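**Student:** Questions regarding the structure given below will be posed in turn.
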Amino acid sequence: MVASNANSAPQRDYTYNDCAPRFGVSLEHSNMPTRLAKKKVPPRKARAKTLDRPAPWKLRRSGGLQILESPSLARSTWLTHGFSTRPGGVSERAANHSASDAKQQPAAEKVLNLGFTDWDSRGHVLQNRGEFFAALGASKMRVVALRQIHSDIVHLVSAADLPQGEQALQGDALITREPGVLLTIQSADCIPILLADTKHRAIAAIHSGWRGTAQRVAEKTLGRMQMEFGTRAQDVVAALGPGIGGCCYEVGHDVVKEFSAKFPNAPDWLTGPIDALENSDDDPNWLPWLTMRPPGHAPPAPCAHLDLIAANRAILAGAGVARKDILSSGFCTACRGDLFFSYRREHSTGRMMAAIGIRS
Ligand SMILES: [Zn+2]
Numbered sequence: 178m179v180a181s182n183a184n185s186a187p188q189r190d191y192t193y194n195d196c197a198p199r200f201g202v203s204l205e206h207s208n209m210p211t212r213l214a215k216k217k218v219p220p221r222k223a224r225a226k227t228l229d230r231p232a233p234w235k236l237r238r239s240g241g242l243q244i245l246e247s248p249s250l251a252r253s254t255w256l257t258h259g260f261s262t263r264p265g266g267v268s269e270r271a272a273n274h275s276a277s278d279a280k281q282q283p284a285a286e287k288v289l290n291l292g293f294t295d296w297d298s299r300g301h302v303l304q305n306r307g308e309f310f311a312a313l314g315a316s317k318m319r320v321v322a323l324r325q326i327h328s329d330i331v332h333l334v335s336a337a338d339l340p341q342g343e344q345a346l347q348g349d350a351l352i353t354r355e356p357g358v359l360l361t362i363q364s365a366d367c368i369p370i371l372l373a374d375t376k377h378r379a380i381a382a383i384h385s386g387w388r389g390t391a392q393r394v395a396e397k398t399l400g401r402m403q404m405e406f407g408t409r410a411q412d413v414v415a416a417l418g419p420g421i422g423g424c425c426y427e428v429g430h431d432v433v434k435e436f437s438a439k440f441p442n443a444p445d446w447l448t449g450p451i452d453a454l455e456n457s458d459d460d461p462n463w464l465p466w467l468t469m470r471p472p473g474h475a476p477p478a479p480c481a482h483l484d485l486i487a488a489n490r491a492i493l494a495g496a497g498v499a500r501k502d503i504l505s506s507g508f509c510t511a512c513r514g515d516l517f518f519s520y521r522r523e524h525s526t527g528r529m530m531a532a533i534g535i536r537s
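Numbering (our numbering), first residue to last: 178 to 537.
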């Protein structure tokens, strides 16, 4: 369905992501102000590979919602999947407005918040979830969620019920081969990853922020799928949903040190004064102190930018998943406040959900 649209003009009811990864290897979309923007594929090379270009990700409209779909997962008719976005829903956020239009009473923004947050009511969240699950055709499915703790803990979902709600298990990845089960992950900057083993018809949903990425949670999830289902990495397609991009994700020396120590190719994912940060001590104010400037006049502490999409892509590829089968939406949650919640940008914000299930 999606593949057949790859080379046709966009239909009116779909908004195509013009920032979709190019040729299955580009990591970030073109309107993101990033260092990678300078490294565009030369036109000649680009034309030569046009035939291999994957279908773009799709923002499918359903009711008032927009569901982001990966072309590789949408091809598998035995499963349903989707990444929720911000617009629609019944939750209300005070609309942002500048001083110039302060006199106008801004209408509250209606958003699809899918997480229980302090600013939103439980009733709204449950109604939003109901709409999201309905949009996926998953209203009758058994929904499974975890209490996410930025770990590398993977849970197998079998025919038996897992405790949910307040008693939900702690962990950051779910795997199953059970039809009728909807695996869900919540995020608001961290990278949501969905996997499908197209041969054994098994699936996974993974929550991978910097801590999960550093612990290789995606690779460990693949390993667990191999153990439980006989999954081979070459049969897996991976969808990396919207998360904070390398353009916006500032990290300090602690993250730089951890990634540099754990991954030989960490320099590929980090930009900025990496060496200085790697060699700095644990005092976050080391530079202002050294330069002896009065408070408020010190230069900002040095920071690097981390590309979590590139890191997770490399981790999955290193585990044997074909690079052409690892697709990223190309969306940065912090850049696209119109479409996504971003904890880094807003702090008090909503939660999006990535969901995948095997149809009964
Ligand atoms: Zn960004």
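All C-beta atoms, glycine included, are put in the ideal place defined by N, C-alpha and C. Quantities reported herein were computed from a predicted structural model and do not represent experimental measurements.
Alpha carbon to alpha carbon, how far is residue 533 from residue 406? Give it in angstroms, no decimals.
**Tutor:** C-alpha separation (whole angstroms): 17 Å.
**Student:** Between which two residues does the alpha helix (DSSP H) containing residue 495 stretch?
**Tutor:** Taken as a continuous stretch (DSSP letters only), the alpha helix (DSSP H) holding residue 495 covers 485 to 495.
**Student:** Given residue 312, which residues of its chain have a CB within under 6 Å of its CB, disregarding the five upstream and five downstream residues?
**Tutor:** The answer, listed in chain order, is 239, 242 and 244.
**Student:** For the stretch 495 to 504 against the stretch 351 to 358, do three or more pairs of beta-carbon atoms, one drawn from each stretch, fall closer than 8 Å, so that the two count as touching?
**Tutor:** They do not touch, by the three-pair rule.
**Student:** Can you tell me whether residue 537 is buried or exposed, with buried defined as 16 or more other CB within 10 angstroms of its CB?
**Tutor:** Exposed.
**Student:** Would you tell me roughly how many angstroms separate the C-alpha atoms of residue 345 and residue 382, rounded to the nearest one?
**Tutor:** If you take the alpha carbons of residue 345 and residue 382, they lie about 16 Å apart.
**Student:** For residue 315, which of helix, strand or coil comes out of DSSP?
**Tutor:** Coil.
**Student:** At which residue ranges does the stretch 374 to 453 contain complete alpha helix (DSSP H) runs of 4 or more residues, listed in the order of the chain?
**Tutor:** Counting only runs of 4 or more, we get 387 to 391, 394 to 406 and 430 to 439.
**Student:** Nearest to residue 234 by CA position, among 341, 290, 415 and 515, is which residue?
**Tutor:** Checking every option, the nearest Cα to that of residue 234 belongs to 415.
**Student:** Sort out for me which residues DSSP pairs residue 361 with in a bridge.
**Tutor:** Partner(s): 532.
**Student:** By the 10 Å Cβ neighbour count, where 16 or more other Cβ atoms means buried, how is residue 507 classified, buried or exposed?
**Tutor:** The residue in question, residue 507, is buried, as its Cβ has 16 or more Cβ neighbours within 10 Å.
**Student:** Could you check whether the Cβ of residue 511 sits closer than 7 Å to any heavy atom belonging to ligand 1?
**Tutor:** Yes; taking the cut-off as 7 Å, the Cβ of residue 511 has a heavy atom of ligand 1 nearer than that.
**Student:** For residue 335, count neighbouring C-beta atoms within 10 Å of its own C-beta (all shown protein chains included) and say buried if the count is 16 or more, exposed if not.
**Tutor:** The residue in question, residue 335, is exposed, as its Cβ has fewer than 16 Cβ neighbours within 10 Å.
**Student:** Looking at residue 395 and residue 489, is the spacing between their C-beta atoms short of 8 Å?
**Tutor:** Yes.
**Student:** In the structure shown, what three-state DSSP assignment does residue 336 receive?
**Tutor:** Looking at residue 336 - three-state DSSP - the assignment turns out to be coil, as it is neither helix nor strand.
**Student:** Considering only heavy atoms of ligand 1, does any lie closer than 7 Å to the CB of residue 514?
**Tutor:** Outside the cutoff, so no.
**Student:** Would you report the Cα separation of residue 371 and residue 418, rounded to the nearest angstrom?
**Tutor:** Spanning the two alpha carbons is a distance of roughly 8 Å.
**Student:** So which of 455, 388 and 252 has the shortest CA-CA distance to residue 430?
**Tutor:** Selected option, being the one with the closest Cα: 455.
**Student:** Determine the contact status of residue 332 and residue 348, defining contact as a CB-CB distance below 8 Å.
**Tutor:** In contact: residue 332 and residue 348 (Cβ atoms closer than 8 Å).
**Student:** Within 10 Å of its beta-carbon, does residue 248 have 16 or more other beta-carbons around it, so buried, or fewer, so exposed?
**Tutor:** The residue in question, residue 248, is buried, as its Cβ has 16 or more Cβ neighbours within 10 Å.
**Student:** Would you kindly work out how many angstroms separate the C-alpha atoms of residue 236 and residue 529, rounded to a whole number?
**Tutor:** Approximately 14 Å between the Cα atoms of the pair.
**Student:** For residue 327 and residue 420, I'd like the C-alpha separation in whole angstroms.
**Tutor:** Rounded to the nearest angstrom, the two C-alpha atoms are 15 Å apart.
**Student:** Counting along the chain, where does the beta strand (DSSP E) carrying residue 343 start and finish?
**Tutor:** Where residue 343 is concerned, there is no enclosing beta strand (DSSP E), given that its DSSP letter is neither H nor E.
**Student:** I believe residue 288 touches residue 266 by the beta-carbon criterion, under 8 Å. Please report the beta-carbon distance rounded to the nearest angstrom.
**Tutor:** That belief holds up - the Cβ atoms of residue 288 and residue 266 are roughly 5 Å apart, short of 8 Å.
**Student:** Quick check: residue 290 and residue 514, are their CB atoms within less than 8 Å of each other?
**Tutor:** In this structure, residue 514 does not lie closer than 8 Å to residue 290 by Cβ.
**Student:** How far does the beta strand (DSSP E) with residue 246 in it reach, from first residue to last?
**Tutor:** Start and end: 242 to 246.
**Student:** Reducing DSSP to helix, strand and coil, say where residue 517 ends up.
**Tutor:** Coil, per DSSP.
**Student:** Indicate the three-state DSSP secondary structure (helix, strand or coil) for residue 308 in the structure shown.
**Tutor:** Residue state, collapsed to three classes: helix.
**Student:** Going by the C-beta, is residue 400 closer than 7 Å to any heavy atom of ligand 1?
**Tutor:** Every heavy atom of ligand 1 is 7 Å or more from the Cβ of residue 400, so no.
**Student:** Please list, in chain order, all residues of the same chain as residue 542 whose beta carbon is under 6 Å from its beta carbon, the five residues on each side excluded.
**Tutor:** Outside the shown range of the chain, which is 178 to 537, sits residue 542, and nothing can be said about it.
**Student:** With a threshold of 16 other CB atoms inside 10 Å of the CB of residue 255, please say whether the residue is buried or exposed.
**Tutor:** Exposed.
**Student:** Apart from the five residues on each side of it in sequence, which residues of its chain come closer than 6 Å, Cβ to Cβ, to residue 428?
**Tutor:** The residues are 481 and 483.
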